[in-house]
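To keep things clear, I will list the structure first and then write my remarks on it.
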């Protein structure tokens, strides 16, 4: 395993990290095996979130007694100070620690998010105080909107930025990542498999390894998946014409067929929770249908409010047929719900 001097963060991180969503579908014993396998293979960076059900608790259990051996990142989606502090305290408890290495403001993609975060008594103010108290070592931010992410980076308030990056969604290399590098920020690449749409690990990581200062955080749900991905890092990276052709084929087939969660379509005038509902298919693949049914119950129930007005289609920069996709996902959710209730 190679380790990175990660910008100006002061952290020395493994060249590939561990994304904490998939372990929510594992039992505690199996999740512990997977986490320990990753650690034994050299991974020292573990990314989770308050919203990832019991992911924090499993990571805390697995690494009890070895806190100084791992770097833990977690997140809050709350914008208000009270809520963010509640999330932080809960994360500290679940992770069995008295400090978080990297605490991230999650999915800051719209101006209204930023306005709420920076308001008096907002999450940013409260978390900065928590950092002064030693509960947080570094503050970071995540986003799915490149325009917003660039703005957040340029505030100079954050040590890291996390953004989707893969060979389908690679625009961040043009402006966001250079801006982050200029300020010495650590860069996290989420969604290395484009939210589950890329099913060729070799191609996915051949692409990502071209950017050695970017920390990719794939999700792992088995010892086998840990071994598969880390075996790619055991060899020199060489991209062939065949690899490039394979990447291009994915772009052609998937480029307009999945939601990037940029949230330009929001807000829906009828109250549909478009972004999470658009992600149902991928989430069901990652978490399992039985978990996804309950995890996204509110967004999926909101789909019935859609009146097919077309406002979301006009706003979508990727020209996605959002109402049709929502209907497909709703039907899938209904099917999964019936199976889960049997």
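In UniProt numbering, the protein residues as written are 1 to 342.
Glycine included, each C-beta is placed from N, C-alpha and C at the ideal position.
query: According to DSSP, simplified to helix, strand and coil, what is residue 21?; result: coil
query: Let me know the secondary structure DSSP gives residue 79 once reduced to three states.; result: coil
query: Starting from residue 231, trace the beta strand (DSSP E) both ways and give me its first and last residue.; result: From DSSP, residue 231 is part of no beta strand (DSSP E) but of the alpha helix (DSSP H) over 223-232.
query: Sort 242, 197 and 272 by Cα distance to residue 258 and report the nearest one.; result: 197
query: Measuring alpha carbon to alpha carbon, tell me which residue in 15, 2 and 23 is nearest residue 288.; result: 23
query: Take the Cβ of residue 231 as the centre, count every other Cβ of all protein chains shown within 10 Å, and call the residue buried at 16 or more, exposed below.; result: exposed
query: Could you give the first and the last residue of the continuous beta strand (DSSP E) run that contains residue 162?; result: 160-164
query: Count the other CB atoms within 10 Å of the CB of residue 16; is the residue buried (16 or more) or exposed (fewer)?; result: buried
query: Is residue 49 helix, strand or coil when you go by DSSP?; result: coil
query: Can you give the beta carbon distance from residue 50 to residue 87, rounded, assuming they're within the 8 Å contact cut?; result: 4 Å
query: On the CB-based measure, 16 or more other CB atoms within 10 Å of its CB, does residue 2 come out buried or exposed?; result: exposed
query: Give a yes or no on whether the C-beta atoms belonging to residue 42 and residue 217 are separated by under 8 Å.; result: no
query: When burial is assigned at 16 or more other CB atoms within 10 Å of the CB, is residue 106 buried or exposed?; result: buried
query: The beta strand (DSSP E) with residue 261 in it runs from where to where?; result: Residue 261 -> no beta strand (DSSP E), and no H or E assigned at all.
query: Would you give the residue range spanned by the alpha helix (DSSP H) that residue 125 belongs to?; result: 123-132
query: Does the stretch 198-212 come into contact with the stretch 228-247, if we say contact requires no fewer than three beta-carbon pairs (one atom in each stretch) closer than 8 Å?; result: yes
query: Tell me, which residues are paired with residue 3 by DSSP?; result: 14
query: Report the rounded CA-to-CA distance for residue 52 versus residue 223, giving the unit in angstroms.; result: 20 Å
query: Can you tell which of 226, 208 and 225 has the C-alpha that lies nearest to the C-alpha of residue 237?; result: 208
query: Entirely within the stretch 130-216 and at least 4 residues each: give me those alpha helix (DSSP H) ranges in chain order.; result: 146-154, 176-182 and 201-208
query: Determine the closest residue to residue 74 out of 94, 93 and 47, with distance taken between C-alpha atoms.; result: 47
query: Would the beta-carbon of residue 35 fall within 8 Å of that of residue 72?; result: no
query: Tell me whether residue 191 is buried or exposed, calling it buried when 16 or more other Cβ atoms sit within 10 Å of its Cβ.; result: buried
query: Count the CB pairs spanning the stretch 173-182 and the stretch 132-142 that are closer than 8 Å, and state whether there are at least three.; result: no
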